[in-house]
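Below is one structure; the comments refer to it alone.
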Amino acid sequence: MIKEFLSASSLILSLIAGTPDATAQQVAPTTSDSVSTVYYIKDITPENLLKIYNALDRRATGKVCVKLSSGEKGNPNHLSPKLIAPLVQGLNATIVECNTAYPGARTNDSDHMEVAREHGFTQIAPFHLLDSVSSTALPVLDGRHIDYALIGKDWLDFNFTIVLSHFKGHPMAGFGGAIKNMGIGLQSREGKAWVHSAGRYTDPDKLWGADMPAQDDFLETMTEAAKAVTDYADTHILYINVANNLSVDCDCVAHPEPVKMADIGIFASLDPVAVDRACVDAVKSSNDHGKVHLEQRIAERNGTHALDYAEKLGLGNQKYVLIKIE
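Counted from 1, the sequence shown has number 536 at position 290 by our numbering; the numbering is strictly sequential.
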């Protein structure tokens, strides 16, 4: 049950600069020039994942895909298939991914599919690699670094996308959430090289040398690629972040740093900037002393610059109202 204890005026006063302790009743999800709505539920269960999807009141129809990280071979922190199965199966959705640009167990179709099987994703739903055939270009409007993004071509075959992200730290971006899941995760193998090099080349073999772009340039390029996705999807997309297994490393790391912070909960929005901002704020406002490790990782990589730049690009809002669901 969602309870209201704030008036409309006090809801506006509770706009984020730090996570507000606010709940409301029958508040329609909004994304405007000034404020967005983020839903939050503490207990991470399959039932609550369904509940928070329903709270968004944007129906996933047609041919639906769920974009998540399949996790590098050996990584234990990726989203649990048991957690997501009722949502994915209820929508008759396909789980989708793209191959990686870094050396590992997911650089090609056969190895990546084997990891997906090992991690349990192929047992709950169809699992499809979007860049198995090729990439396709989506225009980037008003970008500083790239004029187009290279996504897995087969994404265009789907009518609706649920960006289902495991929120956690990230070795390069500082943190990973909805923006990273689109700006890197939905990019093809060549597209990932394009983003990581800030638009200098598409050959993954050229990556990881000394000639890497400045950190902010990488973050901005990632954000531009994410906006290309949202511009194309229009209203046929939504964003859910699960903040659990909060290692400072992402699911792309085979042997991540140990988790030192307790799970926070599930966040959802029609605005990818707001949902990522809400997760960052929840880490900041947590009473868990283990948060210092994740906060340090975000600060060292200047991770919140991606949110600032996303807002400037018009990708979404950092101001939001947090609606707690019981």
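Glycine included, C-beta positions come from ideal geometry on N, C-alpha and C.
Distance between His551 and Arg363, taken at the CA atoms: about 35 angstroms.
Collapsing the DSSP output to three states places Phe464 in a helix.
Taking 8 angstroms as the upper bound for CB-CB distance, Asn321 and Ala424 are not in contact here, some 20 angstroms apart. Only residues of its own chain outside the window of five on either side were considered, and among them Leu384, Val386, Ala395 have a CB closer than 6 angstroms to the CB of Ala474, listed in chain order. Its Cα nearest to that of Thr481, the residue Arg305 stands out among Arg305, Lys288, Leu402. With 16 or more other CB atoms across the displayed protein chains lying within 10 angstroms of its CB, Ala514 is buried. Residue nearest to Leu296 within the set Cys311, Asn323, Thr283, Ala331 is Ala331 (criterion: CA-CA distance). Secondary structure note for Asn487: it is in no alpha helix (DSSP H), and the uninterrupted beta strand (DSSP E) holding it is 483-489.
Separation of Asn427 and Ala347 (C-alpha to C-alpha, rounded to the nearest whole angstrom) is 14 angstroms. The C-alpha of Val310 lies about 20 angstroms from the C-alpha of Asn294.
By the neighbour-count criterion, in which a residue is buried when 16 or more other Cβ atoms sit within 10 angstroms of its Cβ, His501 is exposed.
With respect to the 8 angstroms criterion, Gly422 and Arg547 are not classified as neighbours on the basis of their beta carbons. Spanning the alpha carbons of Gly511 and Val505 requires a straight line of approximately 15 angstroms. His535 counts as exposed, since fewer than 16 other beta carbons sit within 10 angstroms of its beta carbon. In the structure shown, the three-state DSSP call for Tyr447 is coil. In summary, Leu559 is buried, with 16 or more beta-carbon neighbours lying within 10 Å of its beta-carbon over all protein chains present. Looking only at Asn533, Glu343, Ala301, the smallest Cα-Cα distance to Val312 is reached by Glu343. For Gly398, no alpha helix (DSSP H) run applies; the uninterrupted beta strand (DSSP E) run containing it begins and ends at 394-398, by DSSP. Closest in alpha carbon position to Phe413, among Ala520, Leu492, Ser316, is Leu492. Distances from the CA of Val281 to each of Ile571, Cys496, Tyr566 were compared; the closest alpha carbon is that of Tyr566.
Under DSSP, Ile408 takes part in a beta bridge, and its partners are Val312, Leu484.
DSSP, read as helix, strand or coil, puts Lys288 in coil. If you compare the alpha carbons of Ser316, Leu314, Leu465, Ala556 with that of Met418, the shortest gap goes to Leu465.
Within the region 310-377, the complete beta strand (DSSP E) segments at least 3 residues long are 310-313, 340-343, 373-375, listed from N- to C-terminus. Using a Cβ distance threshold of 8 angstroms, Gly437 and Ser381 count as a contacting pair. Just so you know, the alpha carbons of Ala439 and Glu572 end up roughly 42 angstroms apart. Under the three-state reduction of DSSP, Thr307 is assigned to coil, being neither helix nor strand. DSSP lists Gly420 as the bridge partner or partners of His416. Taking the Cα positions, Leu540 is about 6 angstroms away from Gly415. Separation of the CB atoms of Gly398 and Ser315 is rounded to 14 angstroms, and the pair is thereby denied contact status at 8 angstroms.
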